[in-house]
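Before any comments, here is the structure.
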Amino acid sequence: MAGAQLNVLATLDQAKTQWYHFMAIVIAGMGFFTDAYDLFCIALVTKLLGRIYYTEPGSKDPGTLPPSVSAAVNGVALCGTLAGQLFFGWLGDKLGRKSVYGFTLILMVLCSVASSLSFGHTAKGVISTLCFFRFWLGFGIGGDYPLSATIMSEYANKKTRGAFIAAVFAMQGFGILFGTIVAIFVSAAFRNAYPAPSYSENAAASLVPQADYVWRVILMFGTVPAALTYYWRMKMPETARYTALIARNTKQAAADMTKVLRKEIQDEDEEVQRQVVAGDNWGLFSSQFVRRHGLHLLATTSTWFLLDIAFYSQNLFQKDIFSKVGWIPPARTMNAIEEVFRISRAQALIALCGTIPGYWFTVALIDIMGRFWIQLMGFLMMTVFMIALAVPYEHWTQPAHHTGFVVLYGLTFFFANFGPNSTTFVVPAEIFPARLRSTCHGISAAAGKAGAIVGAFGFLYAAQDPKKPDHGYTPGIGIRNTLFLLAGTNFLGMIMSLLVPESKGMSLEEIAQENISDDATEAPARV
Numbered sequence: 001m002a003g004a005q006l007n008v009l010a011t012l013d014q015a016k017t018q019w020y021h022f023m024a025i026v027i028a029g030m031g032f033f034t035d036a037y038d039l040f041c042i043a044l045v046t047k048l049l050g051r052i053y054y055t056e057p058g059s060k061d062p063g064t065l066p067p068s069v070s071a072a073v074n075g076v077a078l079c080g081t082l083a084g085q086l087f088f089g090w091l092g093d094k095l096g097r098k099s100v101y102g103f104t105l106i107l108m109v110l111c112s113v114a115s116s117l118s119f120g121h122t123a124k125g126v127i128s129t130l131c132f133f134r135f136w137l138g139f140g141i142g143g144d145y146p147l148s149a150t151i152m153s154e155y156a157n158k159k160t161r162g163a164f165i166a167a168v169f170a171m172q173g174f175g176i177l178f179g180t181i182v183a184i185f186v187s188a189a190f191r192n193a194y195p196a197p198s199y200s201e202n203a204a205a206s207l208v209p210q211a212d213y214v215w216r217v218i219l220m221f222g223t224v225p226a227a228l229t230y231y232w233r234m235k236m237p238e239t240a241r242y243t244a245l246i247a248r249n250t251k252q253a254a255a256d257m258t259k260v261l262r263k264e265i266q267d268e269d270e271e272v273q274r275q276v277v278a279g280d281n282w283g284l285f286s287s288q289f290v291r292r293h294g295l296h297l298l299a300t301t302s303t304w305f306l307l308d309i310a311f312y313s314q315n316l317f318q319k320d321i322f323s324k325v326g327w328i329p330p331a332r333t334m335n336a337i338e339e340v341f342r343i344s345r346a347q348a349l350i351a352l353c354g355t356i357p358g359y360w361f362t363v364a365l366i367d368i369m370g371r372f373w374i375q376l377m378g379f380l381m382m383t384v385f386m387i388a389l390a391v392p393y394e395h396w397t398q399p400a401h402h403t404g405f406v407v408l409y410g411l412t413f414f415f416a417n418f419g420p421n422s423t424t425f426v427v428p429a430e431i432f433p434a435r436l437r438s439t440c441h442g443i444s445a446a447a448g449k450a451g452a453i454v455g456a457f458g459f460l461y462a463a464q465d466p467k468k469p470d471h472g473y474t475p476g477i478g479i480r481n482t483l484f485l486l487a488g489t490n491f492l493g494m495i496m497s498l499l500v501p502e503s504k505g506m507s508l509e510e511i512a513q514e515n516i517s518d519d520a521t522e523a524p525a526r527v
């Protein structure tokens with residue numbers, strides 16, 4: 001019976017696309033919608049926080065967050081996310097995917113609201129509580145990565161599994177866009193209700209007291225869609241693969257999927273159940289795991305780490321890049337709320353034209369092209385466009401060429417999402433055995449967040465002008481050299497992608513080589 005598959009799992013693999021598939025995408029995807037909103041909306045308001053809490057009287061320029069504070073505000077949620085990915089990834093294999101799925105959503109909603117209500121009016125009080133709650137917000141977000149990916153992979157059929165998992169992740173794009181839209185509407189409403197002069201005209205009057213509400217409303221708003229899906233998360237049955245292969249209750253798995261598929265599923269006789277369910281039991285730190293999946297885990301962790309160095313540094317610091325090339329006017333020429341509006345509008349354009357289309361190109365083509373080729377192509381094109389931005393960098397800083405810069409910059413986001421940003425999420429949910437699937441996805445995702453932390457903290461300092469750094473910063477290597485550095489990380493990601501196995505069109509048990517003896521194992525073929 002080596003390599004045999006239970007009826008309930010074979011039925012899931014062969015099931016036609018049905019309403020429950022789309023419900024699963026929406027339920028899991030709303031978590032990612034909130035994840036992206038919460039992780040990236042902070043970039044829309046950091047300039048405003050600097051003006052409110054760190055403007056020095058008499059300064060010719062409005063205040064900005066000090067280097068350590070900026071690093072903490074941008075990076076603390078990523079640190080929480082890394083911890084949450086490891087913890088909830090492990091817990092998802094121990095207690096079940098559904099058992100902890102609702103808790104992550106509750107944690108995200110509560111901490112998002114608490115972040116917006118950060119206590120006090122002093123810089124120290126507000127920033128300290130903001131960072132505290134954003135760490136735990138990130139912890140909840142971290143749990144959503146392995147749990148959502150694993151649940152979707154275990155619910156999907158093998159023909160369209162890649163598209164379904166990618167569609168869950170693609171909700172990130174809408175979360176990023178929704179964040180910019182909320183920021184545009186909130187800042188526009190406050191700008192019209194409380195008109196103010198620019199900072200250069202009247203420094204004190206350029207910051208109206210009501211500006212303190214703007215960032216709080218923006219941070220809070222992303223919780224609404226996620227909160228609405230909590231009920232449906234709790235209604236989802238446990239995945240059949242967890243129930244049958246880990247909890248070892250094939251009858252319950254068959255009963256659950258009979259309700260979901262609305263199709264009678266016959267349970268196997270006891271001898272077949274015994275041979276299939278009582279298969280391999282080696283663990284993460286065993287020699288068998290290293291032999292079968294060691295290179296796979298190296299591939300998923302290294303590529304996700306290298307991708308997120310570039311992806312998060314680009315996303316979190318778009319506003320700084322746009323200011324450096326002149327696409328957003330100098331801060332002193334705007335009032336506080338106008339600056340939020342301009343930053344949000346610029347990032348909305350990138351999300352709409354580059355980020356979202358890239359995600360959905362992946363959804364459309366991942367089960368045609370395969371994971372391997374999309375990831376390889378994405379890293380290659382990101383490298384090319386980064387170099388195209390870096391080599392003639394002085395050319396792009398000229399006012400007549402700002403549009404060209406934005407187009408190329410948008411294309412790097414397009415190929416990040418029609419490329420490794422999607423596939424690094426999909427592949428770890430497919431290639432590991434059921435009892436370690438959530439754990440290994442959590443480890444891979446945590447490696448990605450380690451890269452994001454490197455990108456968030458490193459870019460902040462590296463991108464500083466070597467001759468004229470921003471106030472409080474030490475000289476860096478400049479935007480141009482930083483772009484070269486990011487091109488290098490993308491190229492390394494392309495090289496490490498050569499270790500990624502192709503999983504297109506195969507059952508999860510076939511990909512992970514579950515219940516196959518060691519002398520019969522072979523790496524999944526690349527097709």
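Quick note: the sequence shown, position 492, residue 492 per the UniProt record's numbering, numbers continuous.
Here a beta-carbon is modelled for each residue, glycine too, at the ideal position from N, C-alpha and C.
For residue i, the nearest candidate out of the options (CA to CA)
i, options, result
"A299", "F139, S444, Y155", "S444"
"S438", "T489, M152, F459", "M152"
"C440", "F413, T301, L105", "T301"
"S148", "T180, I184, G458, D93", "D93"
"S344", "A156, M236, V186, M377", "V186"
"G493", "I453, N481, A416", "A416"
"I453", "A15, A72, V8", "A72"
"Q288", "L39, L6, E514", "E514"
"L128", "L49, V8, F22", "Note that residue 128 is Ser in the sequence shown here, rather than Leu. Checking every option, the nearest Cα to that of S128 belongs to L49."
"P195", "L486, V384, A348, E339", "E339"
"L65", "D13, K124, W90", "K124"
"K98", "E502, E154, P501", "E154"
"G370", "A163, T17, D38", "A163"
"N202", "V290, S59, Q210, L91", "S59"
"F414", "I374, A36, P330", "I374"
Same chain, Cβ closer than 7 Å to residue i, five either side skipped, listed in chain order
i, result
"G140", "G84, T104, L107, M108, C111"
"R233", "I27, Y101, G102, L105"
"F32", "D144, S148, V168, F169, M171, Q172, G175"
"I218", "C41, L44, V45, V182, A183, V186"
"P225", "M30, F33, T34"
"V214", "L48, V186, S187, F190, I337, V340"
"H401", "H395"
"Q14", "N157"
"F379", "G419, P420, N490, G493, M494, S497"
Own chain partners of residue i with C-beta closer than 6 Å, once the 5 adjacent residues on each side are dropped
i, result
"E510", "none"
"R51", "P62, G63, L207, A336"
"S313", "G455, F459"
"T81", "G138, I141, G142, K449"
"E522", "Because the pLDDT at E522 is just 47, under 50, the model does not fix this residue reliably, and the point stays unresolved."
"L389", "L408, L483"
"G410", "I350, C353, G354"
"A253", "V8, A240, T243, A244"
"A348", "T180"
"C131", "A72, V76"
Buried versus exposed, by CB contacts within 10 Å (16 or more), residue i
i, result
"S206", "buried"
"S118", "buried"
"I350", "buried"
"I122", "Looking at the sequence shown, residue 122 is not Ile but Thr. Label assigned to T122: exposed."
"Q398", "exposed"
"W396", "buried"
"R342", "buried"
"H471", "exposed"
"A520", "Caution is warranted here: a pLDDT of 45 is assigned to A520, below 50, making its placement in the model unreliable, and no coordinate value can be reported."
"I495", "exposed"
"W19", "exposed"
"F285", "exposed"
"K263", "exposed"
"V260", "buried"
"P501", "buried"
"L228", "exposed"
"W304", "buried"
Cβ neighbours of residue i in the same chain (closer than 8 Å, five flanking residues each side left out)
i, result
"P475", "Q464, D465, P466, K467, P469"
"Y393", "I479, R480, L483"
"L95", "none"
Residue i: CB within 7 Å of a non-hydrogen atom of the ligand NAD
i, result
"H441", "Inclusion of the ligand NAD in the displayed structure is not the case, the ligand content being empty and no account of it being possible."
Item to check | Uninterrupted alpha helix (DSSP H) stretches inside the segment 304-368 (no shorter than 4 residues) | outcome: 318-325, 336-350
Item to check | Uninterrupted beta strand (DSSP E) stretches inside the segment 400-447 (no shorter than 3 residues) | outcome: none
Checklist entry - Can you list the alpha helix (DSSP H) stretches of 4 or more residues lying completely in the segment 161-249, in chain order? => result 161-193, 211-221, 223-228, 230-235
Checklist entry - Which whole runs of the alpha helix (DSSP H) in the segment 470-498 are 4 residues long or more, in chain order? => result 478-496
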